[in-house]
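S.K.: Protein chains in written order, with the numbering used here: chain A, 1 to 148; chain B, 1 to 148; chain C, 1 to 148; chain D, 1 to 148; chain E, 1 to 148; chain F, 1 to 148; chain G, 1 to 148; chain H, 1 to 148; chain I, 1 to 148; chain J, 1 to 148. Note that beta-carbon positions come from the ideal geometry of N, C-alpha and C, so glycine has one too. There's a structure below that I have some questions on.
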C-alpha cells in the first residue's frame, strides 16, 4: 500500500467514526460532493488550502496532508472487471451500450472522444412514485481527432 | 459469429451504403435514438412490428427479421478492457470514479444498486464557446438490498 | 485488507473459538441464516441494532460495530474462477446451464433479468435414502428491459 | 466450431423459424424443459430415440442426429466472466453468496460438495403483485469428502 | 493469509525443524499418507481426535487445533497454471491427455464424470532398472449424468 | 485450424459415422487404447504403418496420412482452466492435491519430477457394489534435478 | 473480421503488390506519413476526398471507400501485451518509464494528462556514426484535471 | 516488497517532505531529469558516487545506498494494462499507433527494432496559445535483424 | 489469418508433401537452418533472391513471394504460456532460471540486456551414452543501459 | 511470503552488504555459478553440507539452513510475462523462435522434448570488437515420447 492509499484508509476510518457525510466534506472545501469524494478516495489532487481543511477534519498528520497535494496513481478498483454489484452495473452499461454511445457520438460530432479529464459528474436522487431513481449527468468536452 | 451478430453486420453495412442516421431509424420505429441504436447493434429485442420496419429499411430477409425478435446474448465489446479510445474513456470513468459513485449512492439511498435494466440514457450535444460538450444522462431505478 | 475484511476475520476467529452456529447468529438478530451469514462474511449491511448484537456476541469493538453498518465492497471470492470445489460446482452450473436458464426465462418472461438484489435464497437439507440432498431455492424479481 | 456446436446452431435457427418453445421440445421427448434445453444447447447427451425425435423436429440430417448422442465438451459461455446481464446475475450470486453457501452447507453436512452431476433444476414463474418472480430450485446430492 | 493458511505455515516450519516425515504423521492418526498430507497442507478437514494429535506433534495452540476441524477454502496453488515443474507436469497431463481421458471414460461409462470427492489416491515408488518410476493410482467413483 | 486439427476433426466425424470404438482403433495398430486415442486426438505421432491403417479406417487422404506422422503442436484444451466438468475434475485434483503430490514425491525421491514424457497411463473400470469406479494408473519415470 | 478490417487487409495486399510506400500514399492525400498510415491501418477516419484517392490507388470498391469514412473501432494489436519485438519495445518503455513520465509531467503541469487525441507524431531517421537512430517526437496537448 | 522498492518508497516520502523537484535531484548528480527520475523510481542503476549524493539528499542509510547500485528488477506498473489515465494514454498510443510505427520504421530501416536500451528521452513543455503541449522526444538506436 | 500466416501454412503443407528437411531449405538459400526455419515459420524477412528460391521450392505464387519479403508481425505461439510440452520446457527455463540469468549477466556486464535482435542460435545433437542431448547455443550482443 | 522466500531475501540483502559475487559462493560449495545462483535464488535444493557453508557465509540461522535443504516451490518470476527487459528478451526468444526450435529438434530426434531437469546451463562473456556478447549454452537430455 503506498502512502496515498494509507491516507485514504485513514480518511475512511475517521469518516465512519465521526459520522460526517461526503456532502459535509464538500461544503467544507467549497467543491461538489462528486469531486470531493473522488479526491478523498485517492483519485484527485487537493490544493494546500483544501488539504489543510481535510486534514483537520480527519485528524491527519502533516505528512498525510502533504500527500493529499501530490498527484495520485489513479484507479480505484481492485480488479479489471469489478465484483461489487453497484459498480459492476456501470461496467455492464459500458459493455452493453459501449458501441451505441460510440456510434451516436461519432454521428453527431465526427471522430473523437468525450474527455474524461475536462469532465464533471452530478449525481441526484429523482423522487418517483414507481421507485426513486438515481440520475447521473456526465458532461465531458468533445475532443476531435484531427488529421495532420 | 452467431445469427444475430450476422444481422448486426448486415445492418451496419446497409447503413453505410444507404447513409441513414440512427436518428432516422429511431424515428421510423418511434423510439429514442439510444435504445434503437443499441437494438440494431444486437443488444435489445425488437417487437415484430419494429423488426419488420427495420428489416424493410435494411433489406433483411425474413429469417433476420425473426432473429431481431429473439433476446440476444448481450455484450458489445470484444475485450474486457476496451481498446477503442472513446469507449475506454467510459471504462476509465468507472475505474476512477467507481468507488465515488458507490459511496455517494449508498450515502443517499442506503445499500442497493442503480438498475442497469430499468434504465434509460440520453445523449445530447451542449454548445459551448470553450468547445462543445457531450452530455449524457443516465437514469436508473434504485433497487435496495433488503434483509430477509 | 480493508477494515470490513478485518471485521470478517475477527468474526470467523471468534466463531470458531466460541463454537456458535450461523443459525444461532441468525436467531439472535431475527433474520434468515442465509442473509445473516452473508452479512457476517462482509457482503451485507447491518442496522445499528443488528450490529450491536453481533458485536457483543463476537467481542467486537465500537469501531468494528460501526463498520458493520457501512455498505461493503462486495465480492467474497479471491479469484474470478473459484478454486474451492464446493463453490466451483456453482460456477460450473452457471457455465453449463447459463444459456439454458437464459433461454427459459426469456421464453417465459421476455427480455429482462432475474434480480440478484431483490433476491432471497433458502438452503435446506432433503433427507433421501439414496443420499441426502442439498436443496437451494433462489427467488428473484423479474426485471424487464423496456424500450424507451 | 466443432460438429456438435454446428448442430446447436442449426437447432436454434430452426427453432426461430418454426416458433416452437422449449416446453414443446421437452414434451416431445418426455423430459423436463430444463434438461431438454440444456441438451439442445449442446450440454447433455440424448438417447437415440430422443435424438431421432429432435432431429425430425428440427430437420437435422442423420449425421447431426448421431452427434446428439455423443457426449459433448461442456461449457456454454464464451468468456469466464459472462457479459450477458441475465447470466452475469448468476455469476454475481456465486461471487457474493459463494462463501455463505459454502459455510452453511458445511455446517449442516460437514466437508463435501453439492453435486452438479446428480443434480436437477426447476425454473418457475411466481405471480406476485409486487412484480412476478423467477423461482429456481437447485437440487443436488451431497457428496462427502471422506478420509482414507 | 487466513487462519488456516497460518496453521499450514506453522506445520511446515515445525516439520522442517523436527524432521518428521508425512508417513509418520499419517501413522500417528491412522490414515494414508496422501490424505494426511493434503489435510496438513490445508485441503482436508480433521476430526477433533486427529486434530489434537497433530496439534501436539507440531506444537499448535488450541485455536489452531480448532481451525484444523473447520472445512477449509480449498485450492493449494498460487496460480491457475502452476509454475513449479513437478506440479506443472500434472497440469500438462490434463492438457495433453484431457480429451483422451474424457473420450475413453465416456465410451466405457456413458455421460458423467469421475468424482474428485469420492476419491482416493495412492503414490508408490516402482523400482526399475531403467530408472525408478512414480506410480500414482487415482480412484474415483463414476457419477452418471441422468436425464430428468 | 491447422492441418493436423483438421485431421482430428475428420477422424471424429468418421468415428461417429462408423461407430468404431477407440479400443478397436487401438487393436488395429497394436497399441494401448490410451496412447492410440491421444494420437487420434492430435497429441501423439504415428509411424507410417500406423498412419496408413488409421487413414484407411477413417477414409483419410494421402495428405492427412502424412500429417499423422508429423509431430503435432500439443495441448488439447481450448482454455487454460477447462470448462468441461469431467476434465475439470482432473484440473481440480491438480489444484487440491498438487502440493501434496509434490511433497510426497520429494520426500521419497528428493528433488526432481515425475516425467510426463517417459510416461504411460491406464484407465480401467472397477466394478463396485457402491457404484463402479474409474481407476487410472499414471506411471512416469522419476527424473532427478542434479547439481552441476 | 468486420468490414473495415477487410479494407485494411485489401490495402495491405495491394500495397505489397504495387510496391507503393506509405510516404507516397501520404503525398497523394497531402497529409503526414504517420497519420496516413494509421488511417490505412484502420485507426483513423478519412474525408470522402481522401477516401476516393486511396480507393483508386488500391483498387477498392465503392463500399470499401464508404467504410474508410466511417469512424473505426480503434486498437491495432491482437493482444494486450504485444508479442512483436518492435512494438513490444514501446510497451516496455511505457512499463519502465511510465511512472517517470507521469511524475515529470505532473511536476511541470500539475494534475492532468497528455492528450492522445489532440496529438501528433513524427518519426525520423537520425544518421549517426555509432549506428543510425530512430527519433520519434510525440506532441500532445496538456489537459488539466480541474476541480468542480 | 523487495529492498529496492522500499528504497523507492523512502525516496518518495522524503521528496514530498522536503519539497525537492526531480530537476534538482538531476542537477545534483549531473544527469538528465528523465534518467534520474527513472533511477529514483527503481528502474535504473546508480554509480556509487551518484548513490551517495542521493542517499544524503533523502536521508537513506548505508544499506539503501548499496541497493541503489544494484541492478533492479525493472517494470514500474502494477498492472499489464495501466489504470492511471496519464500512463494509459501512452499505452493507448502503442495500441492505436503500434502497427503504424512498425510499418514506417520497417519501410525506412528494414527489419529490426528501435532499441529501448540504447535509448534516451526528453520531455519538454511547449508554450502554445491554444493550450500548452507536452513534447516528448524518444531516441533509440535502430538495431537490424540480420540473417545468419 | 493474415497473408503471411497463410504463406506459412502453405509452406508447411508443401514441406510435408514433398518431404524436404529444414536443412535442405537452408542449404538452398545458403543460411543456417535456425534462421531459415524461423523465416519459413513467419518470423524473419527474406531478400527477394531468397524468397524466389523458397517460392519455387514450395510452389508459392508471386504474391506469396512478395509477402516473404515484408517484415512480419512476429510471435509464433498461440498463447502467452505455451501448452506444447517441448516449447513449455523453454518457458519453464525462463521461469526457473530467469532471475539467475539476470543476476549473472549483471554481475559480469553491469546493467543492460542480452540482445534478442543482434542474436544467433545454434542447435546441435550431442551423442551421449547416457542418452543423446540437445545443445543450444544462444549468442547475443550485450547492450548496456547508459545514463544520459 | 513463505519461509524459503524469506531466506532468499536474507541472502540477497547479505550479499549486497558483504559484496560477495555469485562466483565466490559457487567456489565455496564447489559447484557452477549457474546452479549455485539458482539455488540461492530459491530454485534448487542444497545438501546439508552446502547449506551449512551458505548459511555461514550469509549469517543465516539454523532454521534457514534447514529450509535450504527442502525442495522449494519453483518459479522465480512475479508475472507470467516478465516485465524486466533482460528477462523479457528470453521470453521473446521463446515466442519468436519457439516453433523453430520445436521443428528442428523434432526433425533431428523425432517426437519428444529437451529435458529442463536433466539440464545444465553455462553463461560466458565473449569478447568481441563489435561489442562483447553473452553466450549461453543450454544442454538438456532428449527425452523421446514412446508409444505404449
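Between the Cα of residue 67 of chain B and the Cα atoms of B:17, B:16, B:124 and B:7, which residue gives the shortest distance?
M.R.: On the second chain, residue 67 of chain B is found 67 positions in, with the first residue counted as 1. Per the Cα distances, B:7.
S.K.: Looking at C-beta atoms only, is the number of pairs between the stretch 82-98 of chain A and the stretch 83-95 of chain D that lie closer than 8 angstroms three or more?
M.R.: Yes, since at least three Cβ pairs between the stretch 82-98 of chain A and the stretch 83-95 of chain D fall closer than 8 angstroms, the two stretches touch.
S.K.: Over what stretch of residues does the alpha helix (DSSP H) that includes residue 26 of chain B continue unbroken?
M.R.: Residue numbering aside, residue 26 of chain B sits at position 26 when the second chain is read from its first letter. Segment 22-29, the alpha helix (DSSP H) holding residue 26 of chain B.
S.K.: Taking the beta strand (DSSP E) that residue 138 of chain C falls in, what are its first and last residues?
M.R.: What you label residue 138 of chain C is simply residue 138 of the third chain in a count that begins at 1. Per DSSP, residue 138 of chain C belongs to the beta strand (DSSP E) from 133-144.
S.K.: Please list, in chain order, the residues of the stretch 69-96 of chain E that have any C-beta partner in chain F closer than 7 angstroms.
M.R.: Going along the stretch 69-96 of chain E in chain order, one finds 74, 75, 76, 77, 80, 81, 82, 84, 85, 86, 87, 89, 90, 91, 92, 93, 94, 95 and 96 with a Cβ nearer than 7 angstroms to chain F.
S.K.: Rounded to whole angstroms, how far is the Cβ of residue 33 of chain C from the Cβ of residue 43 of chain C, which I believe are closer than 8 angstroms?
M.R.: Here residue 33 of chain C refers to the residue found at position 33 of the third chain. Here residue 43 of chain C refers to the residue found at position 43 of the third chain. Not confirmed; about 14 angstroms, so no contact.
S.K.: To the nearest angstrom, how far is the alpha carbon of residue 13 of chain B from that of residue 40 of chain B?
M.R.: Taking the second chain and counting its residues from 1, one reaches residue 13 of chain B at position 13. Taking the second chain and counting its residues from 1, one reaches residue 40 of chain B at position 40. About 12 angstroms.
S.K.: Around the C-beta of residue 45 of chain E, are 16 or more other C-beta atoms found within 10 angstroms, so that it is buried, or is it exposed?
M.R.: For the purposes of this step, residue 45 of chain E is taken as residue 45 along the fifth chain, with counting starting at 1. So residue 45 of chain E ends up on the buried side.
S.K.: Is the separation between the beta-carbon of residue 119 of chain C and that of residue 138 of chain C shorter than 9 angstroms?
M.R.: Within the third chain, the letter at position 119 stands for residue 119 of chain C. Within the third chain, the letter at position 138 stands for residue 138 of chain C. Result yes, Cβ atoms of residue 119 of chain C and residue 138 of chain C sit closer than 9 angstroms.
S.K.: Between residue 115 of chain E and residue 140 of chain E, how many whole angstroms is the CB-CB distance? I'm expecting something under 8 angstroms.
M.R.: Along the fifth chain, one-based indexing puts residue 115 of chain E at 115. Along the fifth chain, one-based indexing puts residue 140 of chain E at 140. Yes, residue 115 of chain E and residue 140 of chain E are in contact; Cβ-Cβ is about 4 angstroms, under 8 angstroms.
S.K.: Would you mind sorting residue 111 of chain J into buried or exposed? The rule is 16 or more other CB atoms within 10 Å of its CB.
M.R.: Here residue 111 of chain J is taken as the residue at index 111 of the tenth chain, counted from 1. Residue 111 of chain J comes out buried.
S.K.: Is it buried or exposed, residue 125 of chain H, if we count other Cβ atoms within 10 angstroms and call 16 or more buried?
M.R.: What you label residue 125 of chain H is simply residue 125 of the eighth chain in a count that begins at 1. It counts as exposed.
S.K.: Measure the CB-CB distance between residue 20 of chain J and residue 57 of chain J and report whether it falls below 9 angstroms.
M.R.: Counting from 1 along the tenth chain, the entry for residue 20 of chain J is found at position 20. Counting from 1 along the tenth chain, the entry for residue 57 of chain J is found at position 57. Taking 9 angstroms as the Cβ cut-off, residue 20 of chain J and residue 57 of chain J qualify as a contacting pair.
S.K.: Within 10 Å of its beta-carbon, does residue 30 of chain E have 16 or more other beta-carbons around it, so buried, or fewer, so exposed?
M.R.: Position 30 of the fifth chain, counting from 1, holds the residue named residue 30 of chain E. Burial call: exposed.
S.K.: Measuring only the C-alpha atoms, how far is residue 78 of chain C from residue 75 of chain E?
M.R.: For the purposes of this step, residue 78 of chain C is taken as the residue at position 78 of the third chain. For the purposes of this step, residue 75 of chain E is taken as the residue at position 75 of the fifth chain. About 11 angstroms.
S.K.: Which residues in the same chain have their Cβ closer than 8 angstroms to the Cβ of residue 69 of chain G, if we skip the five residues on either side of it in sequence?
M.R.: Counting from 1 along the seventh chain, the entry for residue 69 of chain G is found at position 69. Answer for residue 69 of chain G: 45, 46, 47, 48 and 51, listed in chain order.
S.K.: What's the call for residue 61 of chain B, buried or exposed, on a 16-neighbour Cβ count within 10 Å?
M.R.: Here residue 61 of chain B is taken as the residue at index 61 of the second chain, counted from 1. Classification of residue 61 of chain B: exposed, given that the 10 Å Cβ count is below 16.
S.K.: Determine, using beta carbons only, whether residue 65 of chain A and residue 142 of chain B come nearer to each other than 9 angstroms.
M.R.: Taking the first residue of the first chain as 1, we reach residue 65 of chain A at position 65. Taking the first residue of the second chain as 1, we reach residue 142 of chain B at position 142. It is not a contact, given that the beta carbons lie outside the stated cut-off.
S.K.: Is residue 90 of chain H near residue 101 of chain G, with beta carbons less than 9 angstroms apart?
M.R.: On the eighth chain, position 90 is the one that residue 90 of chain H refers to. On the seventh chain, position 101 is the one that residue 101 of chain G refers to. Yes, they are a contact pair.
S.K.: Can you tell me whether residue 73 of chain D is buried or exposed, with buried defined as 16 or more other CB within 10 angstroms of its CB?
M.R.: In the fourth chain, counting from the first residue as 1, residue 73 of chain D sits at position 73. Classification for residue 73 of chain D: buried.
S.K.: With distances taken Cα to Cα, identify the nearest neighbour of residue 113 of chain A among G:25, G:3, G:71 and G:55.
M.R.: For the purposes of this step, residue 113 of chain A is taken as the residue at position 113 of the first chain. Ranking the options by Cα distance to residue 113 of chain A, first place goes to G:71.
S.K.: Contact check, residue 81 of chain J vs residue 80 of chain I under 8 angstroms by CB: the rounded distance?
M.R.: Numbered from 1 along the tenth chain, position 81 holds the residue referred to as residue 81 of chain J. Numbered from 1 along the ninth chain, position 80 holds the residue referred to as residue 80 of chain I. Yes, they are in contact, since the Cβ atoms of residue 81 of chain J and residue 80 of chain I sit about 6 angstroms apart, within 8 angstroms.
S.K.: Determine the DSSP secondary structure at residue 149 of chain D, reduced to helix, strand or coil.
M.R.: Because chain D is modelled from 1 through 148, residue 149 of chain D falls outside the range shown and cannot be assessed.
S.K.: Report buried or exposed for residue 121 of chain J, applying the criterion of at least 16 other Cβ atoms within 10 angstroms of its Cβ.
M.R.: Translated into positions along the tenth chain, residue 121 of chain J becomes position 121. By the 10 Å Cβ count, residue 121 of chain J comes out buried.
S.K.: Which of the three DSSP states is assigned to residue 194 of chain I in this structure?
M.R.: The requested residue 194 of chain I is not part of the displayed model; chain I covers only 1 to 148.
S.K.: Is it true that the CB of residue 145 of chain A sits closer than 9 angstroms to the CB of residue 136 of chain G?
M.R.: For the purposes of this step, residue 136 of chain G is taken as residue 136 along the seventh chain, with counting starting at 1. For the purposes of this step, residue 145 of chain A is taken as residue 145 along the first chain, with counting starting at 1. Their beta carbons are not under 9 angstroms apart, which means residue 136 of chain G does not touch residue 145 of chain A by this criterion.
S.K.: Pop quiz: residue 147 of chain F and residue 35 of chain J are said to be a contact at Cβ under 8 angstroms. What is the actual Cβ separation, rounded to whole angstroms?
M.R.: Residue mapping note: residue 147 of chain F aligns to position 147 of the sixth chain, counting from 1. Residue mapping note: residue 35 of chain J aligns to position 35 of the tenth chain, counting from 1. Yes, they are in contact, since the Cβ atoms of residue 147 of chain F and residue 35 of chain J sit about 5 angstroms apart, within 8 angstroms.
S.K.: Buried or exposed, going by whether 16 or more other CB atoms sit within 10 Å of the CB of residue 92 of chain E?
M.R.: The residue labelled residue 92 of chain E in the question sits at position 92 within the fifth chain. So residue 92 of chain E counts as buried.
S.K.: Pull up the distance between the alpha-carbon of residue 9 of chain F and that of residue 63 of chain D, whole angstroms please.
M.R.: The sequence position of residue 9 of chain F within the sixth chain is 9, counting from 1. The sequence position of residue 63 of chain D within the fourth chain is 63, counting from 1. For residue 9 of chain F and residue 63 of chain D, the distance between alpha carbons rounds to 14 angstroms.
S.K.: Mind pulling the chain L residues with CB within less than 7 angstroms of residue 67 of chain H?
M.R.: The displayed structure is made up of protein chains A, B, C, D, E, F, G, H, I and J, and chain L is not among them.
S.K.: Which residues of chain F have a Cβ atom closer than 9 angstroms to the Cβ of residue 106 of chain D, listed in chain order?
M.R.: For the purposes of this step, residue 106 of chain D is identified with residue 106 of the fourth chain, where counting begins at 1. Chain F residues near residue 106 of chain D: none, gap ~16 angstroms exceeds 9 angstroms.
S.K.: Using the beta-carbon of each residue, which ones in chain I are nearer than 8 angstroms to residue 116 of chain F?
M.R.: Mapped onto the sixth chain, residue 116 of chain F falls at position 116. Neighbours of residue 116 of chain F on chain I, chain order: 85.
S.K.: Any heavy atom of the ligand ADP closer than 8 angstroms to the Cβ of residue 65 of chain B?
M.R.: Here there are no bound small molecules, and the ligand ADP is not part of this structure.
S.K.: Note the first and the last residue of the continuous alpha helix (DSSP H) segment covering residue 65 of chain D.
M.R.: In the fourth chain, residue 65 of chain D corresponds to position 65, counting from 1. Element bounds for residue 65 of chain D: 62-67.
S.K.: Any idea what DSSP makes of residue 43 of chain J, helix, strand or coil?
M.R.: In the tenth chain, counting from the first residue as 1, residue 43 of chain J sits at position 43. Coil.
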